[in-house]
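**Student:**
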Amino acid sequence: MRRAAPFVVLALLAACGVACSGGGLPDGLKVNGDIGKQPTVTIPGSSPDAKLAVKTLHTGKGSKVANGDLVVANYVGYRWNGGDHKLIASSYDSGQPAMFPYGHLVPGLNKALAGQRPGGRVMAVIPPGQGYGANGYAPMQIGAKDSLVFVLDVVAAYPNGASAQGRPQPQSDARLPRVSAGATPTMKVPHVRPPARLQVRTIVQGTGKPVQARQLVVFHDLGQIWRNGKVFESSRDRGHPDSVVVGARQMIAGWDRAVVGKPVGSRVLVVVPPGQGYGAKGHAASGIASKDTLAFAIDILAAY
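The sequence shown maps to residues -21 to -1, 1 to 283 in mature numbering (1 follows the signal peptide of the UniProt record, and there is no 0).
#1: Are the stretch 201 to 220 and the stretch 81 to 94 touching by the rule of at least three beta carbon pairs closer than 8 Å?
#2: Taking only runs that begin and end inside the stretch 189 to 270, name each unbroken alpha helix (DSSP H) of 4 or more residues, in chain order.
#3: Which runs of the alpha helix (DSSP H) spanning at least 4 residues fall entirely within the stretch 65 to 108, listed in chain order?
#4: Distance, Cα to Cα, Pro107 vs Val133?
#5: Do you know how far the Cα of Phe275 is from the Cα of Gly1?
#6: Measuring alpha carbon to alpha carbon, tell me which residue in Gly74, Ser73, Asp72, Tyr57 is nearest Leu66.
#7: Note down, in chain order, each residue of its chain lying with its Cβ closer than 7 Å to the Cβ of Lys40, except the 5 sequence neighbours on either side.
#8: Can you name, in chain order, every residue of its own chain whose Cβ lies under 8 Å from the Cβ of Arg154, other than the five neighbours on each side?
#9: Are the stretch 117 to 134 and the stretch 44 to 60 in contact at 8 Å, needing three or more beta carbon pairs?
#10: Which residue comes first and which comes last in the beta strand (DSSP E) that contains Gln178?
#11: Specify the secondary structure class of Pro118 as computed by DSSP and reduced to three states.
#12: Using 8 Å as the threshold, is the C-beta distance between Val247 and Val190 below it?
#13: For the putative contact between Val44 and Leu92, defined by C-beta atoms under 8 Å, what is the C-beta separation to the nearest angstrom?
#14: Given Pro147, which residues of its chain have a CB within under 6 Å of its CB, disregarding the five upstream and five downstream residues?
#15: Evaluate Gln255 with the Cβ neighbour count: other Cβ atoms within 10 Å of its Cβ, from every protein chain shown; 16 or more gives buried, anything less gives exposed.
#16: When the distance is taken between beta carbons, is Pro149 closer than 8 Å to Gly47?
#17: In whole angstroms, what separates the C-alpha of Lys209 from that of His199?
#18: Which same chain residues end up closer than 7 Å to Ile22 when comparing Cβ atoms and leaving out the 5 residues on each side of it in sequence?
#19: What's the call for Val176, buried or exposed, on a 16-neighbour Cβ count within 10 Å?
#20: For Thr181, count neighbouring Cβ atoms within 10 angstroms of its own Cβ and tell me buried if that reaches 16, exposed if not.
#21: Do you know how far the Cα of Gln194 is from the Cα of Ala282?
#22: Expressed to the nearest angstrom, what Euclidean distance is found between the alpha-carbon atoms of Pro27 and Asp72?
#23: Name the DSSP beta bridge partners of Thr35, please?
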């Protein structure tokens, strides 16, 4: 399924988990500014060394970041190669935090986020060997010898076990799939002709604010093909919640439209006809044939 992958460029290399080494920050590297606001980072004119350096600048509260978490954080990122440094990425430019699937990031970022708590701030100097390696990353002008400097303010962390929270709603239409209201939803598609129009039903009524178009939404979803009941989409099976900017055509139209206006904490059943899904072309890689109708159970975990 077409999806957003915020900051996906940092998720291209395999993680090394807690086996990575870290140390103190280099002399002259400084951070000023309040948490939650864009920090001012002073980078010295000297060259960075080849060691990963991680320092928690402020300790947050709540549960520590763990495997399977989708971490929400505001950040600034610089490249640094001695005598030259440049801001290459910032969540403050978009006005929305970024999403970091912990355990699926470049090794240095995984190490930096390990054990952090919401409300905390961490700084990391990531050498090439624990960043993009000898190839660098040309789209962000990161060279083979560039280190990365990141300051991350952790906003929240959503574990793989997160789910909808609210009041279960009656499901009385036997012509639509039945979705369980438990922590891990199941969905049973009926053996009837699928509806011709988009269908949206609330399975669990959340108590949060309604999702607005262009917000960054944290979610879990389960997607099945109506024709055969095959599961073709499961964020839980991937190991962590997912995220998307709704109303920005990052998802198929039916999925996108169904989420806007629903309260955070809700679980929503969405039946998507082909015209608002993959249409006549289908999606062969997912087993979706020409003109297949799709059914989704979507847990709306947060919106930013």
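Where is the CB? At the ideal position from N, CA and C, for every residue including glycine.
**Tutor:** Considering the structure as presented:
#1: yes
#2: Qualifying alpha helix (DSSP H) stretches, in chain order: 214 to 217, 232 to 238.
#3: 86 to 92
#4: Cα to Cα, Pro107 sits roughly 24 Å from Val133.
#5: Any reading at Gly1 is ruled out, since the residue's pLDDT is 45, under 50, leaving its predicted position unreliable.
#6: Tyr57
#7: Arg96, Pro97, Gly98
#8: Pro169, Val171, Pro174
#9: Verdict: yes, contact present.
#10: 178 to 185
#11: helix
#12: no
#13: 5 Å
#14: Ala160, Val183
#15: By the neighbour-count rule (16 or more Cβ atoms within 10 Å), Gln255 is buried.
#16: no
#17: 18 Å
#18: Leu8, Tyr57, Trp59, His64, Val128
#19: At residue 176 the sequence reads Arg, which differs from the Val that was named. Per the 10 Å Cβ criterion, exposed.
#20: If you draw a 10 Å sphere on the C-beta of Thr181, you find 16 or more other C-beta atoms in it, and that means buried.
#21: Using only the alpha carbons, I get a separation of about 6 Å.
#22: 26 Å
#23: DSSP lists Val101 as partners of Thr35.
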